[in-house]
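J.: Residue numbers (our numbering): 56 to 332.
Can you read through this structure? Questions will come right after.
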């Protein structure tokens, strides 16, 4: 039986490790594409086929309509039987792609893991269950079979709406917890309390009950949490979501105060020390 031809579009923090995982499995003929030619060159990708069986989309999404248009252009060019969107996307993005390209199967399977480096991320891809949501049941089944052939654990949800929402909720939940600690830090400063002592009490409760994780109240950075809150806001206006964004903007100004930034670092060191013990 001939090997399936797979194209990974986007060779960044997710796409590169996924490309390497597919290639190292020996079960597929793998190609990679990125608009940054240096990323292709680093993987010795110089030519692309005219047609492929499967496309993995590993592109960042900051604009739903543009993302859908870009993905559908790749589908039109390479005529795959199956497209798997690994990106974090706004609600109804996967369905939007399918509606424009109903001649191929389209599924969503968000990636989880810490993006330290490609080798570490390969371990993360193997570690986490690959949740799959299809534009229809046939697409979900095809994506599940593909990931299981790669040796990954899988779980199929009702549809791509569930996987899209699950990924956005997971990161928003963490952002909300950090925003909560930002506000608690403000209150502590207002009343003259030592926030590190307050955190010690909360952390001791978490140590016993395991239901009150402690976050250090720094600015929420990175390329996931705040952008994903904004993606969720595209589909659902929420005071709570806007509170997260407002709190984080406020914190950017607050940490310019040396006293505040030193307190944040003090709590950060304290938490890191406890994690190591």
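Each residue gets a CB set at the ideal place from its N, CA and C atoms; glycine is no exception.
1. DSSP three-state call for residue 193: helix, strand or coil?
2. Among residues of its own chain, excluding the 5 on either side of residue 61, which ones have a beta-carbon nearer than 8 angstroms to its beta-carbon?
3. For the beta strand (DSSP E) that contains residue 161, what are its first and last residues?
4. Would a C-beta distance cut-off of 7 angstroms place residue 240 and residue 256 closer than the cut-off?
5. Starting from residue 261, trace the alpha helix (DSSP H) both ways and give me its first and last residue.
6. Let me know the beta strand (DSSP E) ranges lying completely inside the region 168 to 249, each 3 residues or longer, listed in chain order.
7. List the endpoints of the continuous beta strand (DSSP E) containing residue 88.
8. Is DSSP giving residue 110 helix, strand or coil here?
9. Checking the sheet assignment: what are the DSSP bridge partners for residue 139?
10. Which of the three DSSP states is assigned to residue 134 in this structure?
11. So, is residue 224 buried or exposed, given that buried needs 16 or more other C-beta atoms within 10 angstroms?
12. Let me make sure I understand the geometry here. Which of 135, 66, 318, 177 has the alpha-carbon closest to that of residue 194?
13. From residue 75 to residue 305, what distance separates their C-alpha atoms?
14. Give a yes or no on whether the C-beta atoms belonging to residue 211 and residue 229 are separated by under 7 angstroms.
T.: Straight from the coordinates:
1. helix
2. 77, 83, 84, 85, 86, 107, 108, 109, 110, 111
3. 160 to 163
4. no
5. 250 to 264
6. 185 to 189, 209 to 211
7. 83 to 88
8. strand
9. 111, 162
10. coil
11. exposed
12. 135
13. 41 angstroms
14. no
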